[in-house]
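In the working numbering, the protein residues as written are 308 to 591.
Beta carbons are placed, not taken as given, at the ideal position from N, Cα and C, and that holds for glycine.
For clarity, every value in this text was computed on a predicted model and none was experimentally measured.
Input: a single structure, listed below in structure tokens.
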């Protein structure tokens with residue numbers, strides 16, 4: 308005869324025996340952060356969750372050390388960190404940016420025949436958050452997948468993503484002044500980096516002709532959201548030493564820019580004129 312099934316109360320008690328209090332508290336802290344409240348401090352979290360403030364401080368420091376939280380404006384308050392993205396592809400696919408952007412980069416891949424990506428910036432790194440793989444092999448020493456991180460200062464992706472930063476903001480990001488050179492094309496100083504960033508910003512796109520890895524070139528264009536800030540970039544990876552005249556004549560750069568503009572539109576980006584008009588109507 309089979310054993311009788313546990314009733315609901317007994318089952319609940321059994322499950323509770325396996326709950327790890329510290330982990331539960333840490334996850335409850337993460338769950339308090341939201342788009343409406345992206346920044347929170349220990350006193351508020353302690354009050355909401357009924358956890359002693361000293362315990363909250365220890366949990367916050369642990370989550371910060373693991374990258375799940377980071378300091379907000381060098382304050383005692385915290386915001387979610389990039390490690391949240393690394394929880395898995397399922398989380399990434401649920402993000403508005405990747406959810407709306409994947410069809411765009413898939414269309415761009417079909418239009419160009421090359422692998423395409425969506426890239427974001429996390430501090431001094433760029434992070435690849437979506438990929439549409441082409442059928443053509445790319446012979447690269449760097450395996451780029453969702454979650455791959457590269458130094459922002461040494462990549463065209465980073466230059467485009469930092470297009471909104473002022474020289475003051477850039478110096479705050481790189482207080483050491485001199486930059487680690489990855490190749491001969493890497494800017495050596497913050498001032499030199501700023502010049503490259505401004506050139507790409509004025510042009511509206513960035514091109515890398517084997518400047519980060521020999522034999523691999525990219526075309527990158529910025530993506531903006533409804534705040535008009537750069538939140539990502541769309542990039543095409545070309546397994547050639549340079550973006551030659553044939554590719555330019557075939558409209559490669561224009562295709563990348565159009566894809567970035569389409570994703571920006573899906574993220575409710577409006578031009579300055581449109582933004583001003585909507586604001587005058589009270590719609591912004």
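Item to check | residue 422, DSSP secondary structure in three states | outcome: Correct three-state label for residue 422: strand.
Checklist entry - Roughly how many whole angstroms lie between the Cα atoms of residue 575 and residue 536? => result A straight-line Cα-Cα distance of about 11 Å links residue 575 and residue 536.
Checklist entry - Taking buried to mean at least 16 other C-beta atoms within 10 Å of its own C-beta, is residue 433 buried or exposed? => result buried
Next on the checklist: I need the straight-line Cα distance from residue 561 to residue 496, nearest angstrom please.
Outcome noted: When rounded, the distance between both Cα atoms is 31 Å.
Next on the checklist: Assuming contact is defined by CB atoms lying nearer than 8 Å, are residue 541 and residue 525 in contact in what I supplied?
Outcome noted: With respect to the 8 Å criterion, residue 541 and residue 525 are not classified as neighbours on the basis of their beta carbons.
Item to check | One or two residues paired with residue 529 in a DSSP bridge | outcome: 540
Item to check | For residue 385, the first and last residue of its enclosing beta strand (DSSP E) | outcome: That run of the beta strand (DSSP E) goes 385–387.
Checklist entry - Terminal residues of the continuous alpha helix (DSSP H) containing residue 472? => result Looking at the DSSP string, residue 472 is not in any alpha helix (DSSP H), and its letter there is neither H nor E.
Checklist entry - Tell me which same chain residues have a C-beta within less than 7 Å of the C-beta of residue 390, skipping the five on either side of it? => result 373, 374, 375
Checklist entry - Three-state secondary structure (DSSP) at residue 378? => result strand
Checklist entry - Do residue 490 and residue 523 come within 8 Å of each other at the CB atom, strictly closer than that value? => result no
Next on the checklist: Just verifying my parser: in three-state terms, what is the DSSP assignment at residue 343?
Outcome noted: coil
Item to check | Proximal residues to residue 498 (C-beta, below 8 Å), its chain only, five neighbours per side dropped | outcome: 474
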